[in-house]
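A.B. asks: If you use the working numbering, the sequence shown corresponds to residues 72 to 342, in order.
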Amino acid sequence: MNGEANRSRDKVIAITGASKGIGAELARQLAARGAKLVLAARNEKELEGVAAACRTAGASVVVVRADVALERDCQAIVAGAVTAFGRLDVLVNNAGATMWARFEDIRDLSILERIMQVNYMGAVYCTSHALPYLRESRGLVVGISSLAGKTGVPTRTGYSASKHAMTGFFDSLRIELEDAGVGVTMIYPGFVATGIRENATGPDGKPIQVSPVKEGEVMSVEDCARRIVTAMERREREVVMTARGKIGLFLKLFAPAVIDRMAKRAIEEGR
Ligand SMILES: NC(=O)c1ccc[n+]([C@@H]2O[C@H](COP(=O)([O-])OP(=O)(O)OC[C@H]3O[C@@H](n4cnc5c(N)ncnc54)[C@H](OP(=O)(O)O)[C@@H]3O)[C@@H](O)[C@H]2O)c1
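1. Where does Ala130 fall in DSSP's three states?
2. How long is the line joining the alpha carbons of Ala172 and Met333, rounded to whole angstroms?
3. Are the segment 223-237 and the segment 176-189 touching by the rule of at least three beta carbon pairs closer than 8 Å?
4. Enumerate in chain order the residues of its own chain whose CB-to-CB distance from Pro278 is below 6 Å, with the five nearest sequence positions on each side excluded.
5. Is Val329 close to ligand 1? I mean its beta-carbon at under 7 Å from any heavy atom of the ligand.
6. Which residue's Cα is closest to the Cα of Lys116: Ala296, Val135, Met290?
7. Can Ser90 be considered in contact with ligand 1, in the sense that its beta carbon sits closer than 7 Å to one or more heavy atoms?
8. Span of the beta strand (DSSP E) holding Ala85?
9. Is Val139 near ligand 1, judged by its Cβ being under 7 Å from some heavy atom?
10. Have a look at the DSSP bridge pairing and note the partners of Gly254.
11. Looking at the structure shown, is Glu117 part of a helix, part of a strand, or coil, going by DSSP?
12. In this structure, how does DSSP classify Thr226 when only helix, strand and coil are distinguished?
13. How would you call Arg99, buried or exposed, if buried means at least 16 neighbouring beta carbons within 10 angstroms?
14. Check whether the Cβ of Val63 sits closer than 7 Å to any heavy atom of ligand 1, and report yes or no.
15. Taking the alpha helix (DSSP H) that Val292 falls in, what are its first and last residues?
16. So Val255 and Val212 are supposed to be a Cβ contact under 8 Å. How far apart are they, rounded?
17. What does Met170 pair with, by DSSP beta-bridge criteria?
18. Any heavy atom of ligand 1 within a distance shorter than 7 Å of the CB on Val189?
19. Under the criterion of a Cβ to heavy atom distance below 7 Å, does Ile93 qualify as lining ligand 1?
20. On the premise that Val263 lies in contact with Met290, defined as a C-beta separation below 8 Å, what is that separation, rounded to the nearest angstrom?
21. At the level of alpha carbons, what is the spacing between Glu340 and Pro283?
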């Protein structure tokens, strides 16, 4: 990877939401770089498939079936790392769920509660149980947020709120942990071609099933995972992934209505 030293070799890295999408690809790329992996998600069969590919690449892998909305399952992820490998160097809080519905069309507000519980509290639970071990290893916590964690996005009220919550939590924690030598890296991807939107919760509480996004025109999952690996190895503070995201955040400082229009257009055009 870009000629730099491989800083993932022999690191014990726990990834939530590793059964598919960005988490699964991150696992495969880290396996190829010699990391020791703890892979967590709810779907054990899919997790075993990802684990098998990682083992073929030579990695030691432990699989933990976990729903990150439950604190005891998050505790089990960390316990899985410590039991198998005796330490934990990096926790990647990647598990996430999204929605695609205007707020006024939603009748059942538990949709928003569930998204907050998975995206935000899941990261809080995992981080809390991981911290004693990350202090020992002077390790790293990674939060996979979204551009919707930096700015509002129509059809994404509850999702955007959960990702903004992650930002507030991890930006505060970064300051608290500085003296302990534990790093915090925040990742803000734009659209990435995974199955997340087929599973996005619609206004009726059911998955919308067909992605409204032109999946062939957005960032590939391989490219996204490569950028995350680089950011982890460099212990970067944060990565805003797309040029549109970077320009939008700059404009937000003095012309916030412009980024509102950019977000509206992105949703309407699906890219
Ligand atoms: N794709 C994008 O365009 C995009 C853009 C910005 C940010 N992101 C963020 O990137 C992260 C990964 O998204 P993705 O696109 O890879 O989505 P994905 O393909 O749908 O994968 C989501 C992963 O999270 C896991 N997960 C969902 N709910 C969970 C729960 N309650 N407990 C444990 N694991 C759970 C899923 O596994 P199980 O179903 O097996 O539990 C799966 O492994 C998310 O945080 C998402 O918000 C994605």
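Even glycine gets a Cβ: it sits at the ideal position worked out from N, Cα and C.
None of these values were measured; they are calculated from a predicted model.
C.D. replies: Quick look at the numbers:
1. coil
2. 18 Å
3. yes
4. Asn270
5. no
6. Val135
7. yes
8. 83-87
9. yes
10. Leu211
11. helix
12. coil
13. buried
14. Residue coverage of the chain in this structure runs from 72 to 342, which leaves residue 63 outside it and unanswerable.
15. 292-305
16. 5 Å
17. Thr272
18. yes
19. yes
20. 5 Å
21. 9 Å
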